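Q:
Residue numbers (the working numbering): 278 to 362.
1) Can you list the alpha helix (DSSP H) stretches of 4 or more residues lying completely in the segment 289-336, in chain order?
2) Are the segment 309-318 and the segment 278-287 touching, with three or more C-beta to C-beta distances below 8 Å?
3) Apply the 10 Å Cβ neighbour rule to residue 335 and answer buried if 16 or more other Cβ atoms are within range, or exposed otherwise.
4) Could you check how far apart the C-beta atoms of residue 324 and residue 349 are, in whole angstroms? I think they sit under 8 Å.
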């Protein structure tokens, strides 16, 4: 493997701190991540992103087996707001 031929050098003294997101931005990020990890067929929310673009649903729905309870959020109550940060 060859060493990198370029490097981006920044002056640390001129760097500004990261901006903190607003509550509306955190809420939008939480909804986006929920959409990526929720199966549209069985409505289970998993702890990982689903292959919705290729399969369109979760593996258990696609292959016809029952998922293990440690892979999804087992909640019968309506989803409460959980901020990303």
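Where is the CB? At the ideal position from N, CA and C, for every residue including glycine.
Bear in mind the structure is a predicted one, so any value in this text is a computation, not a measurement.
A: According to the data block:
1) Counting whole runs of 4 or more residues, the segment 289-336 contains the alpha helix (DSSP H) stretches 300-314.
2) With contact defined as three or more Cβ pairs closer than 8 Å, the segment 309-318 and the segment 278-287 are not in contact.
3) When all chains shown are included, residue 335 counts as buried.
4) Correct: roughly 7 Å between the Cβ atoms.
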